[in-house]
Amino acid sequence: NLTLSGLILGAGFLAPIVDLMDSTEFLYQTSLLNETGRMIFNETFARIRELSEWNTTLALYLLSTTVFNLGTDGQKSLFQNLTGFMFQRSALYSVLPPVVEAYITYTNTSDFKQSLHVLSDFEIDSLRPIVAFMLSRDFFTDISAKLMSALDYQNFLLYTGQVDALFPSTNFSQNTSQLSKMDQEGSILKGLDGILGAHVETFVGCRVI
């Protein structure tokens, strides 16, 4: 039995989102981008970073057409056009795996909606673009100082996906290494290493898997 106390987080809001979502090098190193695609992707994220300083709405729009797949009327994202992948959730799948498609189909059935007391004509996840727009300021807010303050009284376990093409784990590692209280020695979470088999970086109050 494991006794856990604290917060387990996998959210992209824990660091500047442009830094976490700039997957240029990850996509290039996994051969999803060639030299030309690498240059285009890098220039686009540089533009997003520039826009985020003075117009978060425009920055969010460009980000959404680059990686978020929030385009309308079948508009493809820059990621889709450059890689040929239809979804950016994993570097291992160019399309949604059958089990994920089955899940999406199930969550849009009347029985599932009724169990959640949701209107039968409501399409699950249909409000994603609206929610993203409402969170536009939060997307580009650096909360590193608040995170470090929270670590003084709360334990955190941050997890990442090793082949996540949207939020590459290498970006999380680079960000956490910049935190002032970072302990540079890697370790394995005692009691969890046999289950997770993951490399763990530890700094005061926080562990990153």
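Sequence positions in the sequence shown follow mature numbering (1 follows the signal peptide of the UniProt record, and there is no 0) and run -20 to -1, 1 to 189. Using N, Cα and C, we set each Cβ at its ideal position, and we do this for glycine too.
Alpha carbon to alpha carbon, what distance is there between residue j and residue i?
i: Gln164; j: Gln154; result: Note on Gln164: pLDDT 42, under 50, position unreliable in the model; no value is reported.
i: Thr121; j: Ser129; result: 16 Å
i: Asp118; j: Leu58; result: 23 Å
i: Glu33; j: Val79; result: 40 Å
i: Val75; j: Ile84; result: 13 Å
i: Met19; j: Arg27; result: 12 Å
i: Thr24; j: Asp101; result: 37 Å
i: Leu7; j: Gln55; result: 21 Å
i: Gly17; j: Leu31; result: 21 Å
i: Arg108; j: Leu(-1); result: 20 Å
i: Ile110; j: Val98; result: 18 Å
i: Asp132; j: Met114; result: 30 Å
i: Leu138; j: Tyr73; result: 24 Å
i: Phe65; j: Pro77; result: 12 Å
Short check: CB of residue i to CB of residue j, under 8 Å?
i: Leu146; j: Gln68; result: yes
i: Thr156; j: Ser149; result: no
i: Thr4; j: Phe21; result: yes
i: Asn135; j: Asp2; result: no
i: Ala71; j: Val143; result: yes
i: Leu127; j: Leu(-7); result: yes
i: Phe48; j: Ala125; result: no
For residue i, count the other beta carbons within 10 Å of its own beta carbon; 16 or more makes it buried, fewer makes it exposed. Which is it?
i: Asn14; result: exposed
i: Ala39; result: buried
i: Ser160; result: The predicted model places Ser160 with a pLDDT of 47, which falls under 50 and marks its position as unreliable, so this point remains unresolved.
i: Leu96; result: exposed
i: Ser167; result: With a pLDDT of only 39 at Ser167, under the threshold of 50, the placement of this residue in the model should not be trusted; the figure read from the coordinates follows. Ser167 should be labelled exposed.
Counting only the same chain and skipping the five closest in sequence on each side, list residues whose C-beta sits under 6 Å from that of residue i.
i: Arg29; result: Val(-3)
i: Pro(-5); result: Asp122
i: Leu12; result: Thr63
i: Lys93; result: Ser100
i: Thr10; result: Ala71
Between residue i and the rest of its own chain, which residues show a CB-CB distance below 7 Å, the 5 nearest in sequence each way excluded?
i: Leu87; result: It is Thr, not Leu, that sits at residue 87 in the sequence shown. So the list reads Ile104, once near-sequence residues are dropped.
i: Ser116; result: Thr36, Thr37, Leu40
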